[in-house]
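Colleague: At position 100 of the sequence shown (counting the first as 1) the number is 100 in the UniProt record's numbering, and the numbers step up by one without a gap.
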Amino acid sequence: MMPTVTIVIPFYNCQYIQQALESAVQQTYPAVEIIVVDDGSTQYSNLIAPYKNRIYYMGKSNGGTASALNHAILHASGQYIAWLSSDDRFVPQKIERQMAFMLSRGLDISFTGFSVINEHNRVTRPYEGIPMANNADLARQLVYSNPINGCTVIMKKDWLHRVGLFNAQLPYTHDYDLWIRLLMNGASFGFLPDMLTMYRVHSQMGTIRHKATIAREYEMVKNNYRHVLEHLAQHGG
């Protein structure tokens, strides 16, 4: 029996949701569950209607991406969680190839390379990703930046429950904070260089619109964990 992977898609007023859903339902891996969490949207929800018989659709009041992710994780039946932003896309073999990689190495979390696309699905940067040899390598990167694109990640659900899910008090750096807590608690990470996610950069995305606020939040989280990350970078765990 192949373990089930729950693909979690937080949705809030996103015109690209149909492309994200199409990429989720086209996965070649046979044991996939798809949960869309509508985080209080006022538009584009109609684009989800054609997929309602193939997904679990949950509504909630607006609380941000971390709260939407947590809501889905709490309802997920899969042993593994994959996160897909509503404006990004998975390649069809994403889950199949990444799960084969994880299971063959006994990993708790894995992340991959990705391609950058624009509003019109044109690839603007064919490859992005930072190779990591081990957890100490990852800790060294985390001291300075977030080398992990959240929508390339597959992670064991029990590890998320163990460390307390995403911090919903962090609007923009909840992923960075979670990777650090997972690493601190001994979860094993692995990097697969294959480009399995298409990450969309567009004018409406939060990382562009809230750049200054995000930078301040990163500094705060970095400073909170700097000493433990430096220790992990030296000793590897």
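A virtual CB, placed ideally from N, CA and C, is assigned to each residue, including glycine.
1. For F191, which option in N70, L21, G129 has the closest C-alpha, if you only look at C-alpha atoms?
2. I'd like to know whether the C-beta atoms of H174 and T4 end up nearer to each other than 8 Å.
3. Going along the chain, which residues of its own chain have a beta-carbon closer than 7 Å to the beta-carbon of S23, five neighbours each way excluded?
4. For the structure I just gave you, are there three or more beta carbon pairs, one from the region 57 to 72 and one from the region 164 to 178, closer than 8 Å?
5. Going by Cα to Cα distance, which pick from I214, I48, P126 is closest to Q15?
6. Could you work out which residue in G150, L21, N185 is closest to Y225 when comparing CA atoms only?
7. Of the residues T42, V32, S61, L74, which one's Cα is nearest the Cα of I55?
8. Span of the alpha helix (DSSP H) holding T213?
9. With distances taken Cα to Cα, identify the nearest neighbour of N134 among A233, I34, Q18.
10. Who does K60 pair with in a DSSP beta bridge?
11. Anyone know if the C-beta pair for T112 and T28 falls short of 8 Å?
12. Which of the three DSSP states is assigned to D88 in this structure?
13. Where are the alpha helix (DSSP H) runs, 4 residues long or more, that stay fully inside the region 151 to 185, in chain order?
14. Taking C-beta to C-beta, are Y80 and I154 nearer than 8 Å?
15. Please classify D137: does DSSP put it in a helix, a strand, or coil?
16. What are the boundary residues of the alpha helix (DSSP H) that S23 is part of?
17. Determine, using beta carbons only, whether T61 and G78 come nearer to each other than 8 Å.
18. CB-CB under 6 Å to residue 240, same chain, minus the five flanking residues each way: which ones, in chain order?
19. According to DSSP, simplified to helix, strand and coil, what is A49?
20. Check the DSSP bridge columns for K190 and list the partner residues they point to.
21. With DSSP run on the structure shown, which of helix, strand or coil describes S203?
22. Does DSSP put T65 in a helix, in a strand, or in coil?
23. Run through DSSP, which three-state label would A76 get?
24. Start and end of the alpha helix (DSSP H) containing E96?
25. Give the DSSP-derived three-state secondary structure of S127 in the structure shown.
Modeller: In brief:
1. Closest by alpha carbon: G129.
2. Not closer than 8 Å, so no.
3. Correct list, in chain order: R89, F90.
4. Yes, the region 57 to 72 is in contact with the region 164 to 178.
5. Nearest Cα to Q15 within the set I214, I48, P126: I48.
6. The residue with the shortest Cα to Cα distance from Y225 is N185.
7. Ranking T42, V32, S61, L74 by CA distance to the CA of I55 puts V32 first.
8. Its alpha helix (DSSP H) spans residues 211 to 235.
9. The residue among A233, I34, Q18 with its C-alpha nearest the C-alpha of N134 is A233.
10. Beta-bridge pairing links K60 to D39.
11. No; because the gap between Cβ atoms is not below 8 Å, this pair is not in contact.
12. In the structure shown, D88 sits in coil (DSSP, three-state: anything other than H, G, I, E or B).
13. If only complete runs of 4 or more residues are kept, the region 151 to 185 shows the alpha helix (DSSP H) at 157 to 163, 174 to 184, in order along the chain.
14. Yes. Within cutoff.
15. Reduced to three states, the DSSP call for D137 is helix.
16. Taken as a continuous stretch (DSSP letters only), the alpha helix (DSSP H) holding S23 covers 17 to 25.
17. First, the amino acid is wrong: residue 61 is Ser here, not Thr. No. Outside cutoff.
18. The structure shown does not extend to residue 240, since the chain is modelled only from 1 to 237, so the question has no answer here.
19. DSSP places A49 in helix when its eight states are reduced to three.
20. Correcting the residue type first, residue 190 is Gly in the shown sequence and not Lys. Looking at the DSSP assignment, G190 forms a beta bridge with S110.
21. Looking at S203 - three-state DSSP - the assignment turns out to be coil, as it is neither helix nor strand.
22. DSSP, read as helix, strand or coil, puts T65 in helix.
23. A76 falls in the coil class under three-state DSSP.
24. Following the DSSP letters along the chain, one finds E96 inside the alpha helix (DSSP H) bounded by residues 94 to 105.
25. In the sequence under discussion, the amino acid at residue 127 is Tyr, which differs from the Ser named in the question. Y127 falls in the strand class under three-state DSSP.
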